[in-house]
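Letter by letter, the sequence shown follows residues 13 to 539 of my numbering.
Ideal Cβ positions, reconstructed from N, Cα and C, are used throughout, including at glycine.
Model, not experiment: these values are computed from the prediction.
Here's the structure, in structure tokens; my notes come after.
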Amino acid sequence: MSNQINSQLWHSCQRRPLETNRHQSNVADSRLPVINNFVLNGPTVDVHAAEEFVHQAMEIIMDEAVRKSTDVKEKVCEWRSPEQLKELLDLELRDEGEPEAKILQRCSEAIRYSIKTGHPHFFNQLYAGMEPYSMVASFIIEATKTSLYTYEVAPVFTLMEEAVLRKMIEMVGWKEGGDGIFNPGGSMSNMYAVNLARYRYCRDIKMNGLFAAPRMVILTSQECHYSISKAAALLGIGTKNVYVVPSDKRGKMIPSALEDQIKRAKSEGAVPFMVNATAGTTVLGAFDPIDEIADICEKYDLWLHVDACWGGAALMSNKHKHLLNGIHRVNSMAWNPHKMMMASLQCSAFLVRDKTSLLQHCHSAQASYLFQQDKFYDVSYDTGDKSVQCSRKPDAFKFWLMWKALGTTEMEQRVDRALALARYLAQEINKREGFQLLMEPEFANVCFWYIPPSLRNLPAGPELWEKLHTVAPVVKERMMKKGSMMVGYQTHRDKPNFFRMVVISPQVSREDLDFALDEIQHLGKDL
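Given below as structure tokens:
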């Protein structure tokens with residue numbers, strides 16, 4: 013069908029290029045202004061042709077990126093090696109442009125060879141599924157093409173971000189309110205937390221740099237996201253000053269070990285200033301005991317940040333919000349609605365329990381060409397100086413529109429259903445010969461081994477672990493080359509490779525989970 017569409021588009025697009033020469037007859041007219049050989053007598057883009065191109069491109073998007081990409085009968089991916097894909101896509105950029113029909117073909121190819129993350133059999137990441145309201149919001153964001161630094165250029169989106177942040181803060185339980193900002197990803201949110209915590213401890217560092225500070229230490233669990241170490245490196249704290257706190261067998265930070273590491277840092281003459289806890293670790297989906305950690309942070313006057321990029325969605329559920337008990341006591345929090353809530357990428361919020369404009373004071377550069385104080389409106393709505401960015405996409409709109417469409421009740425059901433499906437998957441794994449859970453899941457991360465028949469009689473020990481370690485990579489390769497589904501795998505501490513299935517999308521059914529287990533068995537039974 014796509015070839016037929018491309019053929020029709022090829023003929024239709026020969027009629028009128030976007031770059032028009034409708035003023036070319038006037039070039040010789042000496043009365044028209046000419047600068048650097050350009051006749052300045054009107055736009056060079058035919059708006060009607062541009063609209064037609066966008067319309068045709070949207071038809072391709074709807075057919076191939078929406079309908080086919082969410083159809084369980086279609087492939088999750090059309091796998092090609094990098095060398096093959098380079099040849100197929102003709103990536104070279106040339107001096108002359110291509111006809112519109114060729115550009116539409118390029119659009120179709122980009123979709124065809126991309127991974128279909130909206131497919132019901134995509135279980136590979138902490139995001140999945142097609143969210144229609146958020147996707148439409150993304151289209152609107154691109155069409156309006158604005159930046160969220162001042163109210164004058166983004167009045168609607170400025171107010172929407174404020175409304176979304178206020179509601180998220182309410183769900184965290186900060187009764188006195190707070191502050192926040194949407195930014196490009198949870199890693200950036202965690203970096204904001206490190207920078208803000210350091211600024212709160214040592215405000216002179218903003219002007220005087222690291223010379224104004226002692227050796228400072230961040231404490232975080234061994235299961236934390238790698239962005240904490242990256243933030244330490246980027247901000248000049250140093251990765252050696254990230255003290256790792258041991259976690260228990262389920263991946264939760266051990267509070268007594270945290271206190272030991274705080275005492276160690278102090279005994280070395282260093283200054284611990286921040287603890288990073290995790291609500292929903294990347295691999296195991298573990299939740300650190302926030303209340304106990306908060307007690308320790310209050311005792312030693314440390315900033316407590318919670319990376320809830322993945323697990324923050326549990327706050328939407330009355331049934332599961334207990335996983336984040338104590339969240340109302342933390343100083344800051346990262347929460348990514350583009351994960352379990354399924355907002356279109358990227359949609360990430362950094363929230364801070366502060367009403368003293370700490371974000372503003374920490375990051376403000378007071379650019380005079382943007383943040384004039386004598387504007388004709390309330391300049392408190394110019395939020396851009398809180399950000400380390402200048403240009404910033406209005407990502408909150410993606411969450412606002414879907415929240416308006418679904419309501420809090422439907423979003424709660426979405427979380428509850430995802431966790432119910434994860435529970436079903438774990439139960440099925442326990443029933444099936446050759447499948448073994450790493451542990452019972454706490455959240456939507458279901459981690460398990462598939463043990464082929466040839467290995468089932470081997471006793472637990474080094475030989476079994478060594479051979480089992482090779483199974484998941486081969487099964488993953490086979491499923492991707494077949495295009496049937498995508499599931500992630502990894503090691504953890506001393507464990508051999510295991511699968512990690514993440515269940516999020518409301519488009520996923522019990523039958524899809526049964527298919528996934530059947531397919532893993534089919535692809536790996538000969539190993």
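Got a sec? Which residues, its chain only, sit under 8 Å from residue i by beta carbon, not counting five neighbours each side?
{"i": "N330", "result": "E424"}
{"i": "Y255", "result": "V229, I230, L231, T232, Q273, R276, A277 and P284"}
{"i": "F527", "result": "H133 and M497"}
{"i": "G185", "result": "I339 and H340"}
{"i": "S356", "result": "E143, S146, M147, A149, S150, H350 and K410"}
{"i": "K261", "result": "M451"}
{"i": "K493", "result": "W91"}
{"i": "T251", "result": "S241, A244 and A245"}
State buried or exposed for residue i, treating a residue as buried only when at least 16 other CB atoms are found within 10 Å of its CB.
{"i": "P471", "result": "exposed"}
{"i": "Y238", "result": "exposed"}
{"i": "G536", "result": "buried"}
{"i": "N288", "result": "buried"}
{"i": "N49", "result": "exposed"}
{"i": "E235", "result": "buried"}
{"i": "P406", "result": "buried"}
{"i": "E304", "result": "buried"}
{"i": "N220", "result": "exposed"}
{"i": "E173", "result": "buried"}
{"i": "R365", "result": "buried"}
{"i": "M74", "result": "exposed"}
In the structure shown, what three-state DSSP assignment does residue i receive?
{"i": "D191", "result": "strand"}
{"i": "R79", "result": "helix"}
{"i": "F362", "result": "strand"}
{"i": "F169", "result": "helix"}
{"i": "M265", "result": "strand"}
{"i": "Y257", "result": "Going by the sequence as given, residue 257 is Val instead of Tyr. V257: strand per DSSP, three-state reduction."}
{"i": "M328", "result": "helix"}
{"i": "V391", "result": "helix"}
{"i": "K128", "result": "coil"}
Just the Cα atoms here: how many angstroms apart are residue i and residue j?
{"i": "I266", "j": "R429", "result": "30 Å"}
{"i": "T290", "j": "V318", "result": "5 Å"}
{"i": "W315", "j": "S199", "result": "18 Å"}
{"i": "I532", "j": "W477", "result": "18 Å"}
{"i": "L529", "j": "W461", "result": "11 Å"}
{"i": "R404", "j": "V51", "result": "35 Å"}
{"i": "K311", "j": "L480", "result": "46 Å"}
{"i": "C402", "j": "G396", "result": "7 Å"}
{"i": "P94", "j": "I181", "result": "44 Å"}
{"i": "Y389", "j": "E164", "result": "9 Å"}
{"i": "Y212", "j": "K333", "result": "The residue you asked about is not Tyr; residue 212 is Arg in the sequence shown. Spanning the two alpha carbons is a distance of roughly 29 Å."}
{"i": "N18", "j": "L208", "result": "Here the model assigns N18 a pLDDT of 45, short of 50, so the residue's position is not dependable and the matter cannot be decided."}
{"i": "S517", "j": "A225", "result": "46 Å"}
{"i": "G323", "j": "G54", "result": "53 Å"}
{"i": "K179", "j": "K367", "result": "16 Å"}
{"i": "P485", "j": "P464", "result": "13 Å"}
{"i": "D538", "j": "F135", "result": "23 Å"}
{"i": "Y161", "j": "V168", "result": "12 Å"}
{"i": "E475", "j": "A306", "result": "43 Å"}
{"i": "D394", "j": "S120", "result": "39 Å"}
{"i": "R215", "j": "H534", "result": "60 Å"}
{"i": "L103", "j": "E110", "result": "13 Å"}
{"i": "D58", "j": "S521", "result": "47 Å"}
{"i": "I308", "j": "S241", "result": "22 Å"}
{"i": "P196", "j": "R490", "result": "33 Å"}
{"i": "R118", "j": "G141", "result": "24 Å"}
Ignore the nearest five residues each way along the sequence and tell me which others in residue i's own chain have a CB closer than 6 Å to its CB.
{"i": "A434", "result": "P453, A456, V458 and V515"}
{"i": "A40", "result": "Residue confidence for A40 is low, a pLDDT of 46 falling below 50, so the modelled location carries little weight and cannot support an answer."}
{"i": "N253", "result": "V229"}
{"i": "R34", "result": "Reliability fails at R34, whose pLDDT of 40 lies under 50, so the model's placement of it is uncertain and the value that follows must be treated cautiously. Cβ within range, chain order: n/a, list empty."}
{"i": "K359", "result": "In the sequence as displayed, the identity of residue 359 is Cys instead of Lys. P349, H350, D407, K410 and F411, listed in sequence order."}
{"i": "C321", "result": "G198, A346 and N348"}
{"i": "K488", "result": "Y501"}
Consider the C-beta atom of residue i and the heavy atoms of the ligand SAH; say whether any pair is separated by less than 8 Å.
{"i": "V514", "result": "With respect to the ligand SAH, the structure offers nothing, as it holds no ligand at all."}
Identify the residues that DSSP records as bridge partners of residue i: which are they?
{"i": "Q385", "result": "Answer is none; Q385 lacks a bridge partner."}
{"i": "R512", "result": "C459 and G500"}
{"i": "T56", "result": "Note: T56 sits in no beta bridge, so no partner."}
{"i": "Q448", "result": "W461"}
{"i": "L231", "result": "Y255 and V287"}
{"i": "M345", "result": "V318 and L363"}
{"i": "F299", "result": "A291"}
{"i": "I47", "result": "F50"}
{"i": "F135", "result": "V499"}
{"i": "K114", "result": "Paired residues: none, contrary to the question."}
Counting only the same chain and skipping the five closest in sequence on each side, list residues whose C-beta sits under 7 Å from that of residue i.
{"i": "L246", "result": "M203"}
{"i": "P258", "result": "Q234, I266 and A269"}
{"i": "E188", "result": "K367"}
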